[in-house]
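Numbering (our numbering), first residue to last: 1 to 364. First comes the structure, then the notes that go with it.
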Ligand code: AMP
Ligand code: MG
């Protein structure tokens with residue numbers, strides 16, 4: 001299959017009325033979705049691989065194309081509250097509060113599903129995950145298709161999530177008919193997944209909306225233990241997706257502890273390098289400044305996440321940096337950790353999963 005890769009300026013989607021060119025692409029994409037085909041599109045978190053959420057066979061294709069295990073459920077994307085309420089059996093007060101505060105935005109709510117949603121979408125569960133994205137292109141596409149759209153991240157299962165159109169192209173070229181590309185995703189980490197089916201709201205996956213933000217409007221919110229221990233495999237995960245390999249580059253990852261001396265840890269990390277291996281260091285600008293020539297000479301690829309003072313920006317670059325390590329055939333990847341509060345919880349969750357996934361994470 002030929003993949004049509006369309007580049008559009010994000011600003012084009014903010015105009016009213018939309019240009020004829022943009023409308024034509026949206027109609028084409030909407031037609032594909034209505035006909036049970038897949039469309040990759042940008043969201044503010046990462047790129048999504050969309051299918052008509054109400055059509056069993058269309059959603060099956062998502063699993064085939066991604067190589068995704070069938071019990072790992074999909075997030076249903078909606079453009080309106082009515083659309084969200086169409087796919088759930090209950091709309092509790094907490095959902096109304098979260099929608100008012102955080103939608104459109106990077107919060108996914110898990111609620112009891114209704115019969116319109118095929119079980120392939122929910123991975124066989126009686127619940128469904130729903131999100132209203134804020135990205136203008138995603139919203140325009142959802143409106144044009146006039147359908148709830150199931151869309152996991154548009155990567156091959158197990159690889160770092162795509163934060164740029166070219167990442168989707170690298171993974172899915174030839175496997176899908178259309179990729180809409182508007183450049184880099186603003187957040188660069190997946191949405192927060194919040195389970196609202198139990199008495200106390202529970203974060204199944206930390207993400208763009210933080211624990212602190214949720215607590216401010218909901219009161220008590222707990223974090224599922226597996227969401228904090230990314231590397232651990234659990235026998236009975238709360239969300240099926242939690243147990244799988246995720247976000248993994250090919251190289252071995254060493255996580256540098258945020259609270260210990262950075263330079264010492266980097267020197268210790270470099271000792272793990274075997275002859276002929278290539279090493280990358282992914283770190284904050286403040287840490288990069290501490291490095292002397294002797295250390296720099298041993299590093300084949302230095303990726304700066306930007307300043308520690310802008311943790312959201314840094315977190316949004318993690319997947320990009322891990323993908324670049326694969327492109328550069330890096331064997332050993334030293335990544336600077338951050339404190340596990342605010343967006344740091346999501347950053348560390350992805351990093352621990354990436355490190356643990358290939359089973360050869362080194363702890364200093
Ligand atoms: P992705 O779209 O690739 O970021 O993955 C979606 C994630 O959302 C899955 O890995 C699950 O952890 C979570 N999820 C989706 N549906 C449900 C559900 N019904 N219950 C719990 N978690 C869910
Ligand atoms: Mg994913």
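Glycine residues also receive a C-beta, built at the ideal position from the N, C-alpha and C atoms.
Close-in-space but distant-in-sequence residues of the same chain around residue 341 (CB under 6 Å, 5 per side omitted):
Excluding residues within five positions, none has a Cβ falling inside 6 Å.
Output yes if chain B places a C-beta closer than 8 Å to the C-beta of residue 260; else output no.
Of the protein chains in the structure, only one exists, and it is not chain B.
Whole-number beta carbon distance between residue 122 and residue 130, since they are thought to touch under 8 Å:
In fact, because the Cβ distance is near 11 Å, the residues do not count as touching under 8 Å.
Residue 190 Cβ short of 7 Å to the ligand AMP heavy atom set:
yes
For residue 305, I'd like the list of residues in its chain whose CB is within less than 6 Å of its CB, leaving aside the five on either flank, ordered along the chain.
284, 314, 317
Taking the alpha carbon of residue 140 as the point to measure from, which residue in 116, 18, 278 has its own alpha carbon closest?
18
Grouping DSSP H, G and I as helix and E and B as strand, with all else coil, what is residue 77?
strand
Per-residue DSSP class, three states only, for residue 167:
helix
Distance cut-off 7 Å: residue 152 Cβ against heavy atoms of the ligand MG
yes
From what residue to what residue does the alpha helix (DSSP H) around residue 28 run?
Looking at the DSSP string, the run of the alpha helix (DSSP H) that includes residue 28 is 20 to 34.
Complete beta strand (DSSP E) runs within the segment 269 to 341 (minimum length 3 residues, chain order):
279 to 283, 301 to 304, 332 to 336
Using C-beta distances below 8 Å, list every residue in its chain close to residue 295, excluding the 5 sequence neighbours before and after it, in chain order.
263, 266, 267, 270
Just to check my reading of the structure: residue 42 and residue 156 have Cβ atoms closer than 8 Å, yes? What is that Cβ distance to the nearest angstrom?
Taking a contact as a CB-CB distance under 8 Å, the pair residue 42 and residue 156 does not count as one, their CB atoms being some 18 Å apart.
For residue 138, report the span of its alpha helix (DSSP H) as first-last.
136 to 145
Can we count residue 122 as close to the ligand AMP, meaning its CB is less than 7 Å from some heavy atom?
yes
Selection from 218, 259, 66 that minimises the alpha carbon distance to residue 159
66
Residues in its own chain within less than 8 Å of residue 94 by CB, not counting five upstream and five downstream?
196, 201, 218
From this set, 28, 344, 163, 191, which residue's C-alpha is nearest residue 133's C-alpha?
191
What do you reckon, is the C-beta of residue 343 under 7 Å from a heavy atom of the ligand ADP?
Among the ligands in the structure shown, the ligand ADP does not appear; only the ligand AMP and the ligand MG can be found there.
State whether the segment 140 to 155 contacts the segment 73 to 82, with contact taken as three or more CB pairs (one from each stretch) at a distance under 8 Å.
yes
C-alpha distance - residue 323 paired with residue 105, whole-angstrom precision
25 Å
Is it buried or exposed for residue 52, if we count other Cβ within 10 angstroms and need 16 for buried?
buried
Three or more C-beta pairs under 8 Å: does that hold for the segment 326 to 333 against the segment 271 to 282?
yes
At a cut-off of 7 Å, is residue 161 close to the ligand MG when judged by its beta-carbon and the heavy atoms of the ligand?
yes
Close beta carbons around residue 101, own chain, < 7 Å, minus the five adjacent residues each side:
The residues are 217.
Secondary structure at residue 52, three-state DSSP: helix, strand or coil?
strand
For residue 189 and residue 208, believed in contact at Cβ under 8 Å, the rounded distance
6 Å
Does the beta-carbon of residue 354 have 16 or more other beta-carbons within 10 angstroms, so that it is buried, or is it exposed?
By the C-beta density criterion, residue 354 is buried, having at least 16 other C-beta atoms within 10 angstroms.
With a threshold of 16 other CB atoms inside 10 Å of the CB of residue 320, please say whether the residue is buried or exposed.
buried
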